[in-house]
Structure formats: C-alpha cells, structure tokens
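> Residue numbers (the numbering used here): 683 to 750. Ideal placement from N, C-alpha and C gives every residue a C-beta, glycine not left out. Quick caveat: nothing in here was measured; it's all calculated off a predicted structure. Starting off with a structure, shown below.
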C-alpha cells in the first residue's frame with residue numbers, strides 16, 4: 683500500500699512533498715535525499731506516514747537524524 687511520503691524543506695521554509703509510496707520505497711527515497719540533498723538549499727528531510735505523522739527527520743544543518 684502506498685501510505686508514506688517524503689518531504690524536504692528549503693531555507694525559505696517551503697516544504698516539498700513526494701508522491702505516496704510503500705514503506706520500503708519511501709524509506710529508500712528518504713535515505714537518498716538525506717545523503718545526497720535535492721538541492722543546495724535543502725535544510726531538512728522528513729518521512730511521513732498515512733496520517734501525516736513524522737516518522738523520521740534529518741536536519742542537514744546539524745547533520746542529525748531524529749526518529750519520532
């Protein structure tokens with residue numbers, strides 16, 4: 683089931699969302715953009731569940747992972 687989505691935030695506070703994926707695909711995309719930023723202004727990446735609850739978050743400025 684496609685219940686998960688990934689987002690990334692830029693320096694201006696904009697949040698950009700992916701389409702919905704299954705968990706494994708969403709986790710893979712999340713891990714990819716944590717390692718290799720979407721663009722130079724990316725400051726954060728997030729993995730959301732079906733209810734828009736953040737499951738994981740990566741802060742590019744502090745280089746830290748957060749698991750909720």
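Can you give me the Cβ contacts of residue 693 inside the same chain, cut-off strictly under 8 Å, excluding the 5 residues immediately before and after it?
723, 725.
> Here's a check: name, in chain order, each residue in its chain whose Cβ is nearer than 7 Å to the Cβ of residue 749, leaving out the five neighbours to either side.
Here the set comprises 738.
> Among 696, 735, 728, 699, whose alpha-carbon lies nearest the alpha-carbon of residue 713?
Ranking 696, 735, 728, 699 by Cα distance to residue 713 puts 728 first.
> Can you give the Cα-Cα distance for residue 697 and residue 690, rounded to whole angstroms?
Spanning the two alpha carbons is a distance of roughly 6 Å.
> Among 706, 734, 719, 731, whose alpha-carbon lies nearest the alpha-carbon of residue 741?
Ranking the options by Cα distance to residue 741, first place goes to 719.
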